[in-house]
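Each residue of the sequence shown is one higher than the last, beginning at -18 in this note's numbering. Notes for the one structure printed next.
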Amino acid sequence: MSRGSFLAHYRTVLVALMVTGLWLSGCASMGPQAAVSNPLFVRANDGEFVWERTVDVAHNYLFEIERENKLDGMIETRYKTGASALEPWHPDTIGVANRLESSLQSIRRKAIFSVTPVDGGYLVGVQTIKELEDVARAANSAGAATFLDNNPLQRDLNVVVGQATPSGWINQGRDPALEQALMKSLSAAMVR
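Right, here's the structure in full:
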């Protein structure tokens, strides 16, 4: 097999995998589904049961727990890189548009769950935060490191190492599709 035909075959397989991933992620989010209120009222006497089921739902979406505080009723996850079209087994990216967006650029999400005792049960809510990577501009290009021939050599002992400006993340707001998926999972987990 020549190199050209191998690359053509490789591209075809890659496109087929991406289309399959988009189709699988789209099928999971299609269909008539009723919205679940956020926060969700859970009729329960055992706060430990509600807490553990909430942690289980976070783990089912492959979020790692960063902080748990039962006194404040908060469970905060670490940021998780958004799943691309080639990762249909990661359930954190909901819908074809979000899956495609995560395939083309760096997206990350985190979830913050709240468990609040109320009369007759608990209110369980979730807030998800979506961020887009702020890639540093071309300030540190290879051309910026070359010396000019017409200037005398100047010694600068305060060398700057790394990027001139730190890269970061741009807040994209809340992710309502992921929040709704988490709330549906919470609702199903509390019934068991």
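For glycine and all other residues, C-beta sits at the position ideal for the given N, C-alpha and C.
Remark: C-beta atoms of GLY154 and PRO20 do not approach each other more closely than 8 Å.
Under DSSP, ILE93 forms a beta bridge with GLU57 and GLN108. C-alpha of THR109 to C-alpha of ILE75: approximately 12 Å in a straight line. Straight across, the Cα-Cα distance linking TRP150 with VAL36 is about 26 Å.
In the pairwise beta carbon analysis, the segment 86 to 99 is classified as touching the segment 28 to 46: at least three pairs are separated by under 8 Å. Assigned with DSSP and collapsed to three states, LEU167 falls in helix.
8 Å or more divides the Cβ of PHE30 from the Cβ of GLY102. A Cβ-Cβ contact shorter than 8 Å links SER87 with GLU114. For ILE46, the beta-bridge partners assigned by DSSP are THR58. Each of VAL17, GLY63 and ARG24 was checked against the Cα of VAL172, and the nearest Cα belongs to ARG24. A direct Cα-to-Cα measurement between SER168 and TYR42 gives close to 15 Å.
Taken in chain order, the whole alpha helix (DSSP H) runs of length 4 or more contained in the segment 65 to 94 are 77 to 85. In the three-state reduction of the DSSP assignment, ASN41 falls in the helix class, which pools H, G and I.
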